[in-house]
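Visitor: Sending over a structure as C-alpha cells; questions will come in a sec.
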Amino acid sequence: MKKTYRVTIDQKLCKGCSLCVNFCPKKNLAFKDGILTFAGECSGCMLCVRYCPDFGITVQEGK
Ligand code: SF4
Ligand code: SF4
C-alpha cells in the first residue's frame, strides 16, 4: 500500500519566508491570505521540514 503523510504547519512558528513553498516538489504548500496552507498529496520527501529555519512544519507517516 502507498504510504501517506500528514503535514502539520505551526502558524505560531512560521515566519512566512516561503522557502518551503519553493522547495516542495509537489507544490503542496502555498500562502492564502498570508497564511501558509497545505493541500495535495505529500510524498514525504521532508524537504520542507529540512529547510524551514523556524521548525514550522512537521511531516508524519500515516493519515
Ligand atoms: S514533505 Fe516534501 S512533498 Fe511533503 S509537503 Fe514537504 S516538501 Fe512537499
Ligand atoms: S519555511 Fe518555515 S518559516 Fe518559511 S514559510 Fe515555510 S513554514 Fe514558514
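Residue numbers in the sequence shown follow the working numbering, run continuously in steps of one, and reach 1546 at the last position.
We treat Cβ as the ideally placed atom computed from N, Cα and C, and that holds for glycine.
Throw me the rounded Cβ distance for the C1525 and V1542 pair, which I believe falls under 8 Å.
Guide: Against the sequence shown, residue 1525 aligns to sequence position 42. Against the sequence shown, residue 1542 aligns to sequence position 59. Going by Cβ atoms, the distance from C1525 to V1542 rounds to 6 Å, so yes, they are a contact pair.
Visitor: Under DSSP, the beta strand (DSSP E) around L1502 begins and ends at which residues?
Guide: Counted from its first residue, the sequence shown places residue 1502 at position 19. Not the beta strand (DSSP E): L1502 falls in the alpha helix (DSSP H), residues L1502 to F1506.
Visitor: In terms of residues, what are the limits of the alpha helix (DSSP H) holding L1530?
Guide: Within the sequence shown, the letter at position 47 stands for residue 1530. L1530 to Y1534 is the extent of the alpha helix (DSSP H) around L1530.
Visitor: What is the C-beta distance between F1514 and Y1534, in whole angstroms, given that I count them as a contact (C-beta under 8 Å)?
Guide: Here residue 1514 refers to the residue found at position 31 of the sequence shown. Here residue 1534 refers to the residue found at position 51 of the sequence shown. Contact doesn't hold; Cβ gap of about 16 Å is too wide.
Visitor: Along the beta strand (DSSP E) that carries Q1543, what are the first and last residues, could you check?
Guide: Along the sequence shown, one-based indexing puts residue 1543 at 60. Element bounds for Q1543: I1540 to E1544.
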